[in-house]
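S.K.: Numbers 16 to 421, taken from my numbering, label the letters of the sequence shown in order.
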Amino acid sequence: PGGRLGDARTRRNVFCVGVAVFTLASAVAGAAQSPAWLIAARLAQGVGGGLTTPQVAGFIQTLFSGPDRGKAFGIFGATIGLATAIGPLLGGVLIAAFGATEGWRYVFYINVPVGVVAIVLAFRLLPVRPSDSRQRLDPVGVGLLAVALFLVLFPVVHGREDRLGSRPWWLEGVAAAVFAGFVVWERRLRRRGGDPMIDLGLFRLRSFSLGSALALSYFAGFTAIFLVLSLYFQNGLGYDALLAGLALTPFAVGSGGSALLGGRIVSRYGRAVVVVGMVLFVVGLGVVDVVVAHVHGRSAGWATAPALFVAGVGSGLVVSPNQALTLAEVSGEGGGSGGGVLQTGQRVGAAYGIAFVSALFFREVATTRGDYATALSVGLRLVLVLVLVALLIGVADLVTGRRRTS
């Protein structure tokens with residue numbers, strides 16, 4: 016819905032509101048006095064993020080075209096890579112500086128000055144779209160989709176972390192029925208001349224439908240590795256938060272550097288860039304699995320660094336180029352909505368990937384009585400399976416695309 020709101024209203028204002036909500040929620044999270052307080056603040060942070068991130072894709076769709084659009088997405092990906100590298104390190108520094116008891120609060124407080132600066136710069140630098148392009152909103156569609164997504168995600172977060180079978184998976188059937196109602200409503204609204212929240216015609220675009228499916232599967236695997244690797248480094252090897260952040264840095268550095276390259280060459284080589292990136296990711300993560308099984312003790316962080324760098328290079332060639340290709344046929348006016356659909360799929364995939372990978376991880380920890388290396392290997396193998404599914408989608412898109420060109 017955040018992407019659709021940006022398309023229907025002033026994208027800059029929606030971006031600023033999202034950043035403001037995220038910034039305020041960060042301050043509230045830092046001051047939390049109970050788990051419920053913290054969870055509520057994190058929920059508000061998610062709302063702010065959901066309003067903010069689709070506007071970036073919308074701006075890129077509106078302001079750039081052709082090869083320049085790929086380059087813009089590449090710079091966006093490199094920025095994410097840089098932030099991913101700085102985040103764990105800065106978090107470790109803050110916890111080391113303020114102590115394990117209160118240091119976590121400053122991981123949230125640090126967002127406040129960053130958010131204020133971002134809002135000021137946004138009002139100065141981001142363009143304002145003319146008001147005559149305003150579209151009608153779709154509150155019924157927003158409500159139906161919100162209910163459906165809640166039902167899809169609730170089993171993921173409800174229940175013991177190591178027991179998937181005890182969760183209310185029957186809600187997925189209810190979610191499917193609500194999704195069906197959402198589709199019926201959106202089609203009806205379109206026939207009546209309204210402005211549906213999601214243009215279902217997007218899914219008739221081959222690049223958009225295959226790119227969205229690839230992103231969902233890839234993020235299901237890609238996002239989970241940070242959780243299991245952090246647990247392995249801190250709980251298994253005894254690293255503190257700063258050392259764990261340093262151990263993950265090679266991945267982020269590789270990702271940030273290759274995202275720039277991917278953005279520059281994606282318009283020339285197309286989906287092949289994404290396929291090569293996923294192959295590098297699979298190879299790098301496979302080597303991490305082998306290294307963890309044979310290198311024990313605190314030196315494992317050094318031993319896994321080269322392979323994590325290779326996996327990061329691969330990831331940088333996947334995320335931004337895939338986003339550019341997926342949105343290539345989407346109009347600039349629908350860029351926010353298209354980007355919102357893509358990012359919602361990524362978040363759903365990430366939630367499910369984390370749930371299943373962490374469940375296997377914690378179950379293995381309990382079974383082996385604390386063997387975090389074995390648990391990491393089990394988790395990484397599920398990650399590889401999920402990414403291989405994404406790789407198959409990418410290869411299928413590449414092959415069918417070449418046949419169509421012939």
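Even for Gly, the Cβ is constructed at its ideal location relative to N, Cα and C.
Note that this is a predicted model, so its numbers are computed, not measured.
With 16 other CB atoms within 10 Å as the buried threshold, where does G251 fall?
M.R.: Numbered from 1 along the sequence shown, position 236 holds the residue referred to as residue 251. It counts as buried.
S.K.: Comparing alpha-carbon positions, which option in G416, G299, V307 and T341 lies nearest P321?
M.R.: By 1-based counting over the sequence shown, the position of residue 321 is 306. It is G299 whose Cα lies nearest to the Cα of P321.
S.K.: Taking only runs of the beta strand (DSSP E) that begin and end inside the segment 347-394, which ones reach a length of at least 3 residues, in chain order?
M.R.: none
S.K.: Do you know how far the Cα of V131 is from the Cα of A35?
M.R.: By one-based count along the sequence shown, residue 35 stands at place 20. By one-based count along the sequence shown, residue 131 stands at place 116. Distance between the alpha carbons of A35 and V131 is about 8 Å.
S.K.: Am I right that S330 and S270 are in contact with their C-beta atoms under 8 Å? What's the rounded C-beta distance?
M.R.: Within the sequence shown, numbered from 1, the residue matching residue 330 stands at position 315. Within the sequence shown, numbered from 1, the residue matching residue 270 stands at position 255. Their Cβ separation, rounded to whole angstroms, is 5 Å, which keeps S330 and S270 in contact under 8 Å.
S.K.: Use the C-beta contact count for A259: other C-beta atoms within 10 angstroms, 16 or more gives buried, fewer gives exposed.
M.R.: Within the sequence shown, the letter at position 244 stands for residue 259. With 16 or more Cβ atoms within 10 Å of its Cβ, A259 is classed as buried.
S.K.: Please tell me whether G354 and G18 are closer than 7 Å, where the distance is taken between their beta carbons.
M.R.: To locate residue 354, count along the sequence shown from 1; it is residue 339. To locate residue 18, count along the sequence shown from 1; it is residue 3. Contact: yes.
S.K.: Checking contacts by CB at 7 Å: is I134 closer than that to chain B?
M.R.: The structure shown contains no chain B; it holds only a single protein chain.
S.K.: Considering H309, what are the terminal residues of the alpha helix (DSSP H) in which it resides?
M.R.: Translated into positions along the sequence shown, residue 309 becomes position 294. Per DSSP, H309 belongs to the alpha helix (DSSP H) from R286 to H309.
S.K.: Could you check which residue in V71, D386, A343 and T264 has the C-alpha nearest to that of G312?
M.R.: Walking along the sequence shown from the start, residue 312 turns up at place 297. That would be D386, whose Cα lies nearest to the Cα of G312.
S.K.: Please classify A56 as buried or exposed, where buried requires at least 16 neighbouring CB atoms within 10 angstroms.
M.R.: Position 41 of the sequence shown holds residue 56. Answer is buried; the Cβ neighbour count reaches 16.
S.K.: Rounded to the nearest angstrom, what separates R378 and A388 at their Cα positions?
M.R.: As a working note, residue 378 is residue 363 in the sequence shown. As a working note, residue 388 is residue 373 in the sequence shown. Distance between the alpha carbons of R378 and A388: 13 Å.
S.K.: Report yes or no: do three or more beta-carbon pairs, one from the segment 77-92 and one from the segment 43-56, lie closer than 8 Å?
M.R.: No: fewer than three Cβ pairs fall under 8 Å.
S.K.: Enumerate, from N- to C-terminal direction, the unbroken beta strand (DSSP E) stretches of 3 or more residues contained entirely within the segment 170-227.
M.R.: none
S.K.: Measure the alpha-carbon distance for R206 versus A190 and round it to whole angstroms.
M.R.: The residue you call residue 206 lines up with position 191 of the sequence shown. The residue you call residue 190 lines up with position 175 of the sequence shown. Rounded to the nearest angstrom, the two C-alpha atoms are 24 Å apart.
S.K.: Quick check: the Cα distance between T415 and G301, rounded to an integer number of angstroms?
M.R.: Residue 415 sits at position 400 when you count from the first residue of the sequence shown. Residue 301 sits at position 286 when you count from the first residue of the sequence shown. Roughly 28 Å between the two C-alpha positions.
S.K.: Relative to the alpha-carbon of T67, which residue among C31, L58, A405 and A318 has its alpha-carbon at the smallest distance?
M.R.: Here residue 67 corresponds to residue number 52 of the sequence shown, with the count starting at 1. Closest by alpha carbon: C31.
S.K.: In angstroms, rounded to a whole number, what distance separates the CA positions of Q249 and D255?
M.R.: Position 234 of the sequence shown holds residue 249. Position 240 of the sequence shown holds residue 255. Approximately 6 Å between the Cα atoms of the pair.
S.K.: Could you name the residues of the same chain whose beta carbon sits closer than 7 Å to that of P154, not counting the 5 residues immediately before and after it, in chain order?
M.R.: On the sequence shown, position 139 is the one that residue 154 refers to. Result list for P154: empty, nothing under 7 Å.
S.K.: For the alpha helix (DSSP H) holding R120, just list the boundary residues, first then last.
M.R.: Within the sequence shown, numbered from 1, the residue matching residue 120 stands at position 105. Taken as a continuous stretch (DSSP letters only), the alpha helix (DSSP H) holding R120 covers P82 to Y124.
S.K.: Determine the DSSP secondary structure at R139, reduced to helix, strand or coil.
M.R.: Your numbering for residue 139 matches position 124 in the sequence shown. In this structure, R139 counts as helix in the three-state DSSP scheme.
S.K.: What is the residue span of the alpha helix (DSSP H) that L246 lies within?
M.R.: Here residue 246 corresponds to residue number 231 of the sequence shown, with the count starting at 1. Taken as a continuous stretch (DSSP letters only), the alpha helix (DSSP H) holding L246 covers A239 to L246.
S.K.: Once the 5 residues before and after S222 are set aside, which same chain residues still bring their CB inside 7 Å of it?
M.R.: Taking the first residue of the sequence shown as position 1, residue 222 is located at position 207. Within the same chain, S222 has close Cβ partners L340, T341, A343 and E344.
S.K.: For G63, which of helix, strand or coil comes out of DSSP?
M.R.: One-based indexing of the sequence shown puts residue 63 at position 48. If DSSP states are grouped into helix, strand and coil, G63 belongs with the helices.
S.K.: Is the distance from the Cβ of A100 to the Cβ of V268 below 7 Å?
M.R.: The sequence position of residue 100 within the sequence shown is 85, counting from 1. The sequence position of residue 268 within the sequence shown is 253, counting from 1. A contact, by the Cβ cut-off of 7 Å.
S.K.: How is the alpha helix (DSSP H) around R19 delimited, first residue to last?
M.R.: The residue given as residue 19 occupies position 4 in the sequence shown. Note, R19: alpha helix (DSSP H), G17 to A23.
S.K.: Quick one: what's got a C-beta closer than 6 Å to D147's C-beta in the same chain, skipping five residues either side?
M.R.: Numbered from its first residue, the sequence shown carries residue 147 at position 132. Only weak support is given to the placement of D147: the predicted model assigns it a pLDDT of 43, under 50, and the value that follows is read from those uncertain coordinates. Excluding positions up to five away in sequence, the list is empty.
S.K.: How about G368 and T238: do their beta carbons lie closer than 7 Å?
M.R.: Within the sequence shown, numbered from 1, the residue matching residue 368 stands at position 353. Within the sequence shown, numbered from 1, the residue matching residue 238 stands at position 223. Result yes, Cβ atoms of G368 and T238 sit closer than 7 Å.
S.K.: Alpha carbon to alpha carbon, what distance is there between I54 and R202?
M.R.: Sequence index remark: in the sequence shown, residue 202 carries index 187 (1-based). Sequence index remark: in the sequence shown, residue 54 carries index 39 (1-based). Whole-angstrom Cα-Cα distance: 36 Å.
S.K.: Can you tell me which of the three DSSP states D255 falls into?
M.R.: Counting from 1 along the sequence shown, the entry for residue 255 is found at position 240. Reduced to three states, the DSSP call for D255 is coil.
S.K.: By DSSP, does D153 sit in helix, in strand, or in coil?
M.R.: Taking the sequence shown and counting its residues from 1, one reaches residue 153 at position 138. Taken through DSSP and simplified to helix, strand or coil, D153 comes out as coil.
S.K.: So which of L140, A228 and L257 has the shortest CA-CA distance to G102?
M.R.: Walking along the sequence shown from the start, residue 102 turns up at place 87. Out of L140, A228 and L257, L257 has the C-alpha closest to the C-alpha of G102.
S.K.: Tell me the residue span of the alpha helix (DSSP H) that contains L340.
M.R.: Mapped onto the sequence shown, residue 340 falls at position 325. Element bounds for L340: V334 to T341.
S.K.: Roughly how many angstroms separate the alpha carbons of G40 and H309, rounded to a whole number?
M.R.: Here residue 40 corresponds to residue number 25 of the sequence shown, with the count starting at 1. Here residue 309 corresponds to residue number 294 of the sequence shown, with the count starting at 1. For the sequence presented, residue 40 should be read as Ala rather than Gly. Straight-line Cα distance between these residues: approximately 44 Å.
S.K.: When you compare each of V162, W185, L168 and L109 to F194 by their alpha carbons, which one comes out closest?
M.R.: What you label residue 194 is simply residue 179 of the sequence shown in a count that begins at 1. When only C-alpha atoms are compared, the closest one is V162.
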